[in-house]
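Here the structure comes first, spelled out in structure tokens, and everything after it is commentary.
Residue numbers (this note's numbering): 313 to 490.
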């Protein structure tokens, strides 16, 4: 049994504001994705151009939102989210972050989620988002998955069950069926 990632729940308190700098797009900007230097974070899935196209652009799920965050004409990042319901309450899952996500982008994300009549954002604990997990009001839920790891060449020096993986909801297939 592996170390389960923590689920982080952010209540969204955002005042409706028409001045929002988020665009919902169907495709990633080719230049941005091609020039993206994907940061390799230990124990995480490496997400390059081909992976992002396969996972999100070519997805058969219609409820995935690819959000583009710009500062003037320069793209800062993309966020991939999905709306779903838990016991008749609308929630938003943060599937992935591509690029440099800033504090202002987080404010605009909260506005976008509010416009969709949703007031809860759910994420997995992730090193890409550590700044926001520390500086925003949230609730951490532990041990909600049965997370199993397999190592065919088991030795005590490299025990996968003791490694904390850096997952996002986009890495977990069953979340797409929620």
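Note that CB positions come from ideal geometry on N, CA and C, so glycine has one too.
Item	Value
I'd like the span of the beta strand (DSSP E) that includes residue 395, first residue to last.	386-398
How far does the beta strand (DSSP E) with residue 436 in it reach, from first residue to last?	432-436
Would you list the one or two residues that DSSP bridges to residue 323?	432
Give me the Cα-Cα distance between residue 492 and residue 477, rounded to the nearest whole angstrom.	Missing from the structure shown is residue 492; the chain here goes from 313 to 490 and no further.
Applying the criterion that 16 or more other CB atoms from any shown protein chain within 10 Å of the CB defines a buried residue, is residue 375 buried or exposed?	exposed
Using CA coordinates, which residue listed in 320, 454, 338 is at the minimum distance from residue 372?	338
What residue from 377, 484, 428, 479 has the CA that sits closest to residue 437's CA?	479
How about residue 333 and residue 370: do their beta carbons lie closer than 9 Å?	no
With a 10 Å radius around its C-beta and 16 neighbouring C-beta atoms as the bar for buried, classify residue 293 as buried or exposed.	Because residue 293 is not part of the residues shown, which for the chain are 313 to 490, the question remains open.
On the three-state DSSP scale, how would you describe residue 333?	coil
Please list, in chain order, all residues of the same chain as residue 428 whose beta carbon is under 7 Å from its beta carbon, the five residues on each side excluded.	395
Do residue 340 and residue 363 have their C-beta atoms within less than 9 Å of each other?	no
Buried or exposed for residue 473, going by 16 or more other Cβ atoms inside 10 Å?	exposed
So, for residue 321: in the same chain, excluding its five sequence neighbours on each side, which residues have a beta-carbon less than 7 Å away from its beta-carbon?	432, 434, 450, 451, 453
Quick one: Cα of residue 417 to Cα of residue 377, how far?	15 Å
Need the endpoints of the alpha helix (DSSP H) that residue 368 sits in, please.	No alpha helix (DSSP H) contains residue 368, which DSSP labels as neither H nor E.
Could you compute how far the alpha carbon of residue 483 sits from the alpha carbon of residue 359?	10 Å
Could you tell me if residue 491 is buried or exposed, where buried requires 16 or more neighbouring beta carbons within 10 angstroms of its beta carbon?	This structure cannot speak to residue 491, because the chain is shown only from 313 to 490.
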